[in-house]
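Novice: Residue numbers (the numbering used here): 2 to 293. Using N, Cα and C, we set each Cβ at its ideal position, and we do this for glycine too. This is the structure I want to talk about, given as C-alpha cells.
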C-alpha cells in the first residue's frame, strides 16, 4: 500500500482522539539528522503537538528489528495534525536517513502518566533499593534485556554502553488471546486466564521493583498502524502494547533481572506474551528525566 493511501485510510478512521507517532530512524548523517529534529519541533508545535521523547537506540548488525539507531515520540491533538506534520518531512536523503518506520499509536492520557510517576516516587521513597554493581559473570544472559527477542549479540551491544548512564527500554508486546502456562504452573485460575491477564500479573509485580530502583514507565500506547515504511518490518507487526521504560542506569536494570523477585514473575510474562521486542536506548540530555 502506498504511503498516501495509508494516510487517507488513517484519516477516514478518525475517532476524534489524540494520536501519537513513534518514528524509528536509521540516521546516517548526524548533522542533517539533528537539524531536521530541531526544525520539525516547530512544525509539531504549530499544530498543537508535542515531541515528548528523542533518544538513540542500541543497534545489532544483521537484526532487522534492531537496525534503527534513533527513536522519536510525538503526541498530536488529532490525526489530521499528525498527517500534516508527516507531509512536511523531506526525503530520507535530505534529512540524513537511510531508512525509517513511523507507527501511529493511541497513547494513554497524560494524567495517567503523571499518576504512574507519582506512584513510582512514593514507592521509591518508602521502599528504596540501593543499586550495586552486578558483575557480568552473574548476569542471567537468557533474559538479557527483559525481552524474549534477546540474544548474545544484543547482550554485547547492551554491555558496550555506559552501564551507569540513564537509559530507556522500548518494549513492544504482543499478547496471546489465551495464556499458555507450563503444565507444572497450571491451575484452575491460570488455565482460564487471557494473555493480558497473565501479563498483568507479571507487570504488577515488576512495576514495584522497577520503581524501587528509580525506574518509571514513561509512556504507554497501543500501536495502530504503519504510516511510513515497510509494514512487513518486525516493528510494523500487530502489537498489543508499546511501553517506554526509563531507568537511572543500565546497572539498575541488571540489578532488577538478577533478583529473584523478578525471575519469579517471568512465568506470567511468558504465558501472556506471544512475542515481544525489547530495544535499549539512551535518551538525549533534554529528554533524560524521570517522567515525560
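Looking at the secondary structure, which residues open and close the beta strand (DSSP E) in which residue 226 lies?
Specialist: Element bounds for residue 226: 217-229.
Novice: Let me know the secondary structure DSSP gives residue 335 once reduced to three states.
Specialist: Outside the shown range of the chain, which is 2 to 293, sits residue 335, and nothing can be said about it.
Novice: Between the beta-carbon of residue 158 and the beta-carbon of residue 28, is there less than 8 Å?
Specialist: No, these two residues do not count as a Cβ contact at 8 Å.
Novice: What did DSSP end up calling residue 273 once you bin it into helix, strand or coil?
Specialist: Helix.
Novice: Residues bridged to residue 23 by DSSP?
Specialist: Paired residue(s): 74 and 104.
Novice: Please give me, in chain order, every unbroken run of the beta strand (DSSP E) with length at least 3 that falls completely inside the segment 27-96.
Specialist: 51-58 and 71-77, all fully within the segment 27-96.
Novice: Could you give the first and the last residue of the continuous alpha helix (DSSP H) run that contains residue 201?
Specialist: 196-213 is the span of the alpha helix (DSSP H), which, as asked, contains residue 201.
Novice: Report all residues from its chain with a CB closer than 7 Å to the CB of residue 224; omit the five preceding and five following residues, and keep chain order.
Specialist: These residues qualify, in order along the chain: 104, 106, 240 and 243.
Novice: Determine the DSSP secondary structure at residue 279, reduced to helix, strand or coil.
Specialist: DSSP places residue 279 in strand when its eight states are reduced to three.
Novice: Considering only their Cβ atoms, is the gap separating residue 7 from residue 228 smaller than 8 Å?
Specialist: In contact: residue 228 and residue 7 (Cβ atoms closer than 8 Å).
Novice: If you draw a straight line from the C-alpha of residue 139 to the C-alpha of residue 37, how long is it?
Specialist: Confidence is the limiting factor: at residue 139 the pLDDT is only 44, short of 50, which leaves the residue's position unreliable and the question unanswerable from this model.
Novice: So the candidates are 251, 245 and 272; which of them puts its Cα closest to the Cα of residue 168?
Specialist: Measuring from the Cα of residue 168, the nearest candidate turns out to be 251.
Novice: In chain order, what residues of the same chain lie with their CB nearer than 7 Å to the CB of residue 288, ignoring the 5 residues before and after it?
Specialist: Closer than 7 Å at Cβ, skipping near neighbours: 54, 55 and 56.
Novice: At the level of alpha carbons, what is the spacing between residue 272 and residue 236?
Specialist: About 21 Å.
Novice: Rounded to a whole number of angstroms, what is the C-alpha to C-alpha distance between residue 247 and residue 67?
Specialist: One C-alpha to the other measures close to 19 Å.
Novice: Which residue's Cα is closest to the Cα of residue 213: 265, 39 and 131?
Specialist: That would be 131, whose Cα lies nearest to the Cα of residue 213.
Novice: Looking at the strands, I want to know which residues DSSP matches up with residue 300.
Specialist: In the structure as shown, the chain begins at 2 and stops at 293. Residue 300 is therefore absent and cannot be evaluated.
Novice: Terminal residues of the continuous alpha helix (DSSP H) containing residue 1?
Specialist: Nothing can be reported for residue 1: it is not among the residues displayed for the chain, which extend from 2 to 293.
Novice: Cα separation between residue 154 and residue 17?
Specialist: Answer to the nearest angstrom: the Cα atoms are 43 Å apart.
Novice: Relative to the C-alpha of residue 193, which candidate in 201, 205, 200 and 180 has its C-alpha closest?
Specialist: Residue 193 has its Cα closest to that of 180, out of 201, 205, 200 and 180.
Novice: Tell me which residues share the same chain as residue 112 and place their Cβ nearer than 8 Å to its Cβ, disregarding the 5 neighbours each side in the sequence.
Specialist: None.
Novice: Is there a C-beta anywhere in chain D that falls below 8 Å from the one on residue 15?
Specialist: The chain inventory of the structure shown lacks chain D, comprising one protein chain alone.
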